[in-house]
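First residue of the sequence shown: 1, per full-length UniProt numbering; consecutive thereafter.
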Amino acid sequence: MVADLAARAYFFDQGLRFACRRCGACCTGAPGTIYVAPAELAPIATCLGVTVPDLIHTYLYSFQDSYSIREDKRGRCLFFEAGCTIYEARPLQCRAFPFWFRNLRSEARWREVQRECPGIGQGPRHSREAILALAGATMTI
Ligand code: SF4
């Protein structure tokens, strides 16, 4: 299926410009799941200086085959303070944003996401191949 998706034409065949402004809009908006893969637990725990069991107990809840990050009542990621406190170890779902499959379904959907993400349209152009790699890696999330 991914091979079929890679063969077709997309509105982003010439690439898309994006550079994160670290504004936090995607970390603090509507509630959602923030998938943390099993292999991502130890790097996040190390980044915080806690054990993996303490990380799970304090910040995560069970989701799919692993965990998701807890949010506060307003939908704010618990790791967001003045900025992302685990930026260097943030999960793939966060690193791949805004190049999520669901955001790339159409140019109209991409324009909608752009209204909430000031990094879209800024910075370096990401190639079609790089975008598809990120979208493919996160398409089950
Ligand atoms: S909304 Fe866009 S610019 Fe702001 S932190 Fe998220 S990815 Fe970066």
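The C-beta atom is built at its ideal place from N, Cα and C for all residues, glycine as well.
Keep in mind it's a predicted model, so treat the numbers as computed, not measured.
| Query | Result |
| --- | --- |
| Reference G15, options G29, G121, C26, closest by Cα | G121 |
| Through-space distance from E116 to R109, alpha-carbon basis | 12 Å |
| Nearest-angstrom Cα separation, counted from G119 out to residue 143 | Since the first residue shown for the chain is 1 and the last is 141, residue 143 is missing from the structure and cannot be characterised. |
| Environment of E40 [buried if 16+ CB atoms lie within 10 Å] | buried |
| Near the ligand FMN: G119 beta-carbon under 8 Å from a heavy atom | Among the ligands modelled here, namely the ligand SF4, the ligand FMN does not occur. |
| Spatial neighbours of L132 in its chain, beta-carbon cut-off 6 Å, leaving aside the 5 residues before and after | A6 |
| Pick from V36, P43, T51 that is closest to Y61, judged by C-alpha positions | V36 |
| Assumed close pair D4, R128 - CB separation to whole angstroms, cut-off 8 Å | Not confirmed; about 15 Å, so no contact. |
| Beta-carbon proximity check, R95 vs L134, cutoff 9 Å | yes |
| Beta-carbon separation (whole angstroms), T28 vs G83, contact threshold 8 Å | So it is not a contact: roughly 11 Å between Cβ atoms. |
| Proximity test, P53 beta-carbon vs the ligand SF4 heavy atom, cut-off 8 Å | no |
| Unbroken beta strand (DSSP E) run spanning Q122, endpoints | 120-126 |
| Cβ-heavy atom distance, E116 to the ligand SF4, below 8 Å | yes |
| Any non-hydrogen atom of the ligand SF4 within 8 Å of F63 CB | no |
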